Structures are given as structure tokens and as C-alpha cells.
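One structure is given here, and the rest of the page talks about it.
2 protein chains.
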Amino acid sequence: MEERAQPRRRGRPRGANRDDTKARILAAAAAEFGEHGYEGASIRSIARRAGVDPSLVHHYFDDKAALVAEVVAVPLRPDRIVASALEGPVDELGERLLRGVLTAWDSPAVRPAATAALRSAIGQGPVARMLHEFLRREIMHRLASRLGDHADAELRAELAASQVVGVIMVRYILAFEPLASLSHDEIVSRVAPAVQWHLTGTGPVLDTAVRPAKNSAHDE
Amino acid sequence: MEERAQPRRRGRPRGANRDDTKARILAAAAAEFGEHGYEGASIRSIARRAGVDPSLVHHYFDDKAALVAEVVAVPLRPDRIVASALEGPVDELGERLLRGVLTAWDSPAVRPAATAALRSAIGQGPVARMLHEFLRREIMHRLASRLGDHADAELRAELAASQVVGVIMVRYILAFEPLASLSHDEIVSRVAPAVQWHLTGTGPVLDTAVRPAKNSAHDE
Numbered sequence: 011m012e013e014r015a016q017p018r019r020r021g022r023p024r025g026a027n028r029d030d031t032k033a034r035i036l037a038a039a040a041a042e043f044g045e046h047g048y049e050g051a052s053i054r055s056i057a058r059r060a061g062v063d064p065s066l067v068h069h070y071f072d073d074k075a076a077l078v079a080e081v082v083a084v085p086l087r088p089d090r091i092v093a094s095a096l097e098g099p100v101d102e103l104g105e106r107l108l109r110g111v112l113t114a115w116d117s118p119a120v121r122p123a124a125t126a127a128l129r130s131a132i133g134q135g136p137v138a139r140m141l142h143e144f145l146r147r148e149i150m151h152r153l154a155s156r157l158g159d160h161a162d163a164e165l166r167a168e169l170a171a172s173q174v175v176g177v178i179m180v181r182y183i184l185a186f187e188p189l190a191s192l193s194h195d196e197i198v199s200r201v202a203p204a205v206q207w208h209l210t211g212t213g214p215v216l217d218t219a220v221r222p223a224k225n226s227a228h229d230e
Numbered sequence: 011m012e013e014r015a016q017p018r019r020r021g022r023p024r025g026a027n028r029d030d031t032k033a034r035i036l037a038a039a040a041a042e043f044g045e046h047g048y049e050g051a052s053i054r055s056i057a058r059r060a061g062v063d064p065s066l067v068h069h070y071f072d073d074k075a076a077l078v079a080e081v082v083a084v085p086l087r088p089d090r091i092v093a094s095a096l097e098g099p100v101d102e103l104g105e106r107l108l109r110g111v112l113t114a115w116d117s118p119a120v121r122p123a124a125t126a127a128l129r130s131a132i133g134q135g136p137v138a139r140m141l142h143e144f145l146r147r148e149i150m151h152r153l154a155s156r157l158g159d160h161a162d163a164e165l166r167a168e169l170a171a172s173q174v175v176g177v178i179m180v181r182y183i184l185a186f187e188p189l190a191s192l193s194h195d196e197i198v199s200r201v202a203p204a205v206q207w208h209l210t211g212t213g214p215v216l217d218t219a220v221r222p223a224k225n226s227a228h229d230e
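As given, the protein sequences belong to chains C and Z, one line each in that order.
Just so it is clear: in the first sequence, position 57 is 67 by the working numbering, and no numbers are missing.
Just so it is clear: in the second sequence, position 16 is 26 by the working numbering, and no numbers are missing.
Rendered as C-alpha cells:
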């Protein structure tokens, strides 16, 4: 963990060691997210429930997104994948997004936990609600903002996400072959153009090297 | 139900009425699918477990796919959606597939049960295993066959499916707006070109009317 200015420890339980405090905050975060959802919970309300000062929460966790990752026990940060993909030209955003997701999911440390978290997100109940709000706020909104002020930026972000989510489902959850064993480069060459097309309506979709022989052409 | 030649009733339990027999067959099918999976179970093994003649199973259910739909209690037949989409030119297969899925899912009689079935399919256990095999055999293989003898027909079918599955996830499961409320026509105009591109590498992807202003163009 990075060194930081020492936070006030006013609210810290006496005699508790570092791990105890962190676990206490996490338990409080899980309870707050469960009761109030991702948006309804705040660092302040989590600190209050844990009986610590809000600055102590910030000492251990950068933000709410970091708390979500710890609460669902997934060392995967979709918000960071998106933030990282957003750096760079919009014309290649589709590829960067897809590559970031593939790289993260294919890490052996991540895959089982990420699969479990996705299954939770698909179900119902407090965890599903929290992850739903988290995805909407930290992924969809950010992606849409980067697409500028198109009236349909939100929709474009969702359609791009739908293609990425679909690849996750077929590759990691259903594990259909050959997709489950394909290299990242192959997947990117096949799928990134579709993601990019959703995002900006541009890209090398018709110029790709993987274009097969076709029976007839609608495109001139 | 269509009239057919009267099957032999040798194995039919005496005194049981039509509903009893059907329920008995369904219970046997659920047990067989659970123990042996979709591919491992057969009409014959289901009949044997139910204590009826195989012809009686065929009297009530067209095929294994029909039994799956009844076992998971979903009045949705993905195998029929695909079969129906496969009729007609391959150049418009993407649109027919997407439209078929949207029309089926948006039926109020289908949506809750289909959502529950998808959640089961994503989980683990016998139901997940059965649905996984069912999807692979009845959807992926059929779709790939229609794409001809491209070496990568299986992969193309999976990538097309990934886009369709992704739309299901974002529209029906996560229910993100605006996608959750979009009309079928709007979704088709946005998504079918990507599905079609996965299938055949052709289509009006760059000629679409929804193409927004772009910052720069990679396509000449």
C-alpha cells in the first residue's frame, strides 16, 4: 500500500490491529451496500457503521469502487479497466476495452472470483443490486461521457458493453470452443471492430483480414 | 396438439390419465437430464425411467428440445428461433436471429421464465449442464452448419451468439436504460449489422443511417 499522510485515528478502536480494522470496515461496507445499494452507501455511512473516522476508510481504500472489489472478493477492477481504456484515441477505444477485459479475466487469480461475482450480479438480492449500480455508474456513464455529446452516447456505450459482456458469457461462463481457447489477438481482431463500431460508427469493420469469402455483397 | 397415429400404449400405466402420464414423462426427463446431461439422455432412457413406451414420449413431445423447454418451464424455444432464422438468405441472417430473440423475450409470458432459465444456465449443477449442451448442440452447431464450410464457421456462430447474448444481458437481465426500453426496430438497426458481420463478414455496417459524426476515419 502506498504511503500517505497519516490519517486521524480518532474513531479507530483501541487495541485493534490493522487487519481487524480493515475487516471491520469491509463488513460495514458489505452491510451498507446491501441495505442502501452502491449509490446509497457512502464512505461516511460505512465509517459510521464501522465505528471509525471516514479518513480511516480512505486510508485503506481509495474509493467506493475499491470497496466493491473487496466486498465481492474479486481482484478485478472494471472501473480501472475502463479508466485505462479511456486514455488514448477514441478510434481505438474498442480494442483497448476488449483487450483490458480479456487480460483481466484471463488472469488465473481473477477468473474464478470474477465468474462468481458475475453470477451474483445476474441474480437478485443485495449483491446484484450493488453490482448493477456500480456497473451503471462506474462503467456506462464514464464510457458514455468519453463519447462526447452525441445524443445517443449512453446507448452506444451500452451496445459496446453488450458485445463485451457477450464475449465474457460465451468465452468464460459458457466456455464454448473454439472461443474459449482463442488468443487475445484473435479475439481482438474479430470482436474489437464490432465494439468500435458501436462506440463511434467507425473502424476497419469491412477491411479486416478475417473477412471470409462471401456469397453475395450488400456493400458496394 | 397435432393428431398422430395412435402410439402403442404398452408401457402406459393403467388408470393414469393424460396429465399424469405427461407429468411422469417430464419428471423422468428432468431426472435423466440431471444425471446424464442433454446429450447423454435419450428419448429411450427417459421412456424407460417413466415406465412408458418411447413412442408415448414422442406422442407428447416432438423431440428432446421440446422436453428441455418443458423441464425448465420456459415457453421459449431457442432451437425454433434459430431454425426459423435459418430460413432465408444468409445475408440477412443476423437481423432475423436478433429479431426472433427480441420478439420471443419480450413476450410477457416468456420473460420471467426465460430470465430464470438463463440464470440457471449461468450457474452450476445439472440444469446448467443440460442447458449448456442444449445451446451448443441445438444453437451453435446448427448456426455454424448454415454458414457453410468456412474453417471458422463455429467461431463465427459463437461470435454472433456473443453479440445476441450480450444484448439479452444488458437489456433483459441488467435492464440498463435506454437499451431496456428501445424498440425492436431500433435495436435491429444498431445491432443486427454487428451480428451479420460476425456471421459472414458482410453487411451494411459502414452504410448505416445511425452512423454519427466521427472525429477521424480509419476507413477510406
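Just so it is clear, CB atoms sit at the ideal spot from N, CA and C, and this is done for glycine as well.
Since we're looking at a predicted model, the values are computed, not measured.
Interface annotation, C/Leu86: not in contact with chain Z, CB-CB separation never under 8 Å.
Residues of the same chain with their beta carbon placed closer than 7 Å to that of C/Ala37 are lacking, with the five preceding and five following residues left out of the count.
Note on geometry: alpha-carbon atoms of C/His208 and Z/Asp29 lie some 49 Å from one another.
Look at C/Pro188: its C-beta is under 8 Å from a C-beta on chain Z. Under the Cβ distance rule, C/Ile183 counts among the residues neighbouring chain Z, one pair being separated by less than 8 Å.
Within 8 Å of the CB of Z/Gly176, the CB atoms of chain C belong to Ala171, Ser172, Gln173, Val174, Val175, Gly176, Val177 and Met179, in sequence order along the chain.
8 Å or more divides the Cβ of C/Arg34 from the Cβ of C/Ala76. The Cβ of C/Glu80 sits no closer than 8 Å to any Cβ of chain Z. Sixteen is the threshold: since fewer than 16 other Cβ atoms of the shown chains lie within 10 Å of the Cβ of C/Arg54, the residue is exposed. Z/Pro136 sits in a helix when the DSSP states are folded into three classes. In the three-state reduction of the DSSP assignment, Z/Thr212 falls in the coil class. Secondary structure note for C/Arg90: its alpha helix (DSSP H) is the uninterrupted segment Pro88 to Leu96. Judged by their CB atoms, Z/Leu66 and Z/Thr113 are not nearer to each other than the 8 Å cut-off.
Residues of the segment 121 to 137 of chain C with a Cβ closer than 7 Å to any Cβ of chain Z, in chain order: Arg129, Ile132 and Gly133.
Here Z/Ser155 is exposed: its Cβ has fewer than 16 other Cβ atoms, across all protein chains shown, within 10 Å.
By alpha-carbon distance to C/Gly135, the top candidate from Z/Met179, Z/Arg87 and Z/Leu184 is Z/Leu184. Beyond the five residues adjoining it in sequence on each side, C/Trp115 comes within less than 7 Å, by CB distance, of Arg121, Ala124, Ile178 and Tyr182 in the same chain, given in chain order.
In this structure, the alpha-carbon of Z/Glu49 lies about 23 Å from that of Z/Ser172. With its beta carbon less than 8 Å from one in chain Z, C/Glu164 belongs to the interface. Classified as buried, Z/Asp89 has 16 or more neighbouring CB atoms from the shown chains inside 10 Å of its CB. Going by C-alpha positions, Z/Gly211 is about 15 Å away from C/Val205. DSSP, reduced to helix, strand and coil, places Z/Leu184 outside both helices and strands of the structure shown, so it counts as coil.
Put simply, the segment 40 to 49 of chain Z touches the segment 135 to 148 of chain Z. At least three CB pairs are less than 8 Å apart. If you ignore the 5 residues before and after C/Arg147, its C-beta comes within less than 8 Å of the C-beta of Tyr48 and Glu49, all in its own chain and listed in chain order.
With contacts defined as CB atoms closer than 8 Å, Z/Leu141 and Z/Ala131 qualify as a contacting pair. Using a Cβ distance threshold of 8 Å, C/Val198 and C/Leu108 count as a contacting pair.
In the structure shown, Z/Phe71 falls within a coil segment according to DSSP collapsed to helix, strand and coil. A straight-line Cα-Cα distance of about 33 Å links C/Leu153 and Z/Ile91.
Annotation: Cβ neighbours of Z/Met150 in chain C (cutoff 8 Å, chain order): Phe186. Distance between Z/Gly104 and Z/Asp73, taken at the CA atoms: about 26 Å. Taking 8 Å as the threshold, the shortest C-beta distance from C/Trp115 to chain Z does not fall below it. Z/Gly61 sits in coil when the DSSP states are folded into three classes, being neither helix nor strand.
In the DSSP assignment, Z/Val111 falls within the alpha helix (DSSP H) that extends over Leu103 to Trp115. In the three-state reduction of the DSSP assignment, Z/Pro85 falls in the coil class, being assigned neither a helical nor a strand state.
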